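Residue numbers (our numbering): 54 to 266. Backbone N, C-alpha and C fix where the C-beta goes; we use that ideal spot for every residue, glycine too. Bear in mind the structure is a predicted one, so any value in this text is a computation, not a measurement.
(1) Ignore the nearest five residues each way along the sequence and tell me which others in residue 85's own chain have a CB closer than 6 Å to its CB.
(2) Three Cβ pairs or more, each shorter than 8 Å: is that satisfied between the stretch 150-158 and the stretch 111-122?
(3) Using a threshold of 8 Å, state whether the C-beta atoms of residue 192 and residue 235 are closer than that.
(4) Does DSSP put residue 71 in a helix, in a strand, or in coil?
(5) So does the stretch 89-103 actually touch the stretch 66-78, counting three or more Cβ pairs closer than 8 Å?
(6) Measuring only the C-alpha atoms, how far is residue 139 from residue 91?
(7) If I follow the unbroken alpha helix (DSSP H) through residue 153, where does it start and stop?
(8) For residue 116, which three-state DSSP category applies?
(9) Given a threshold of 16 other Cβ atoms within 10 Å of its Cβ, counted over all protein chains shown, does residue 97 qualify as buried or as exposed?
(10) To which residues of the same chain is residue 201 closer than 8 Å at the C-beta, ignoring the five residues directly before and after it?
(11) Do you know offhand how far residue 266's Cα is from residue 59's?
(12) At the 8 Å Cβ level, is residue 134 part of the contact set with chain D, yes or no?
(13) With a CB to CB cut of under 6 Å and the five nearest residues on each side skipped, what residues in its chain are close to residue 214?
(14) Look up residue 250 in the DSSP assignment and say whether it is helix, strand or coil.
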C-alpha cells in the first residue's frame, strides 16, 4: 500500500467516524490550558482535571500566579507527577508571561518554548488548540500510533514523527488529526495490547495487516 493511500484511508475514516475530537483537559482560556498542559507531562489528563479547579480559582491570572511561590503552588499540585519541578515551572512561566508577553500567552511556537516548563510538545498543543495553527504535538500516544499504523517509517524521535505527519497531513486537518491520534492511542491502539478487533483503521494499519499474515 502506498503511503498516500494509507494517509487518505486513515484520515477519511477519522473524518467520517470521529468528527469531533478535542483535548480532554478542562480549561476556559489560553492561560488555563497552558497550566494544564504543563501539569499533564507524564501525568494523566484525569488527574490534572482533578486538581486544576482549585488552582484556577485561586490563581485566576498570570499576574496572581507570578506573585506566588513554588512552595505555595506545590500544595495545590502535590498529587501530580514531579510536583516540585512543575510548581517552579508554573511560577516561572507566569513571571515570564507578565514580564515578556504582557500576560498574554503567545501563539508563536518558538516564543512559547522560552517559557519555563514549555517544551516543543506543549508549545505545539497551545499553538494548535488555542490558535488553530497547523502544529502537530507528538506525545507517547501519537508517536506509538503513527509508527504502528505506518504513517511514519519507524521514526526514532518525536521530532521525526512530527515532521513526517506535518508533511503528509493536509494543513487544515493537522489540528484535529493531533487529537484523533491521541484519543485513538488512549482508548483503542493502547500500548500493551491494541484493541484491533474494535478498530476501524484495520484496512490501512501496517501492524494489523502484518499480524494477520
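Taking the structure as given:
(1) 109
(2) yes
(3) yes
(4) coil
(5) yes
(6) Using only the alpha carbons, I get a separation of about 7 Å.
(7) 136-154
(8) helix
(9) Looking at its Cβ environment, which holds fewer than 16 other Cβ atoms inside 10 Å, residue 97 is exposed.
(10) 242, 247, 258, 259, 260
(11) Because residue 266 carries a pLDDT of 46, less than 50, the predicted location of this residue cannot be relied on, and the following value inherits that uncertainty. Distance between the alpha carbons of residue 266 and residue 59 is about 18 Å.
(12) Among the protein chains of the structure shown there is no chain D, as only one such chain exists.
(13) 191, 196, 199, 205, 208
(14) helix
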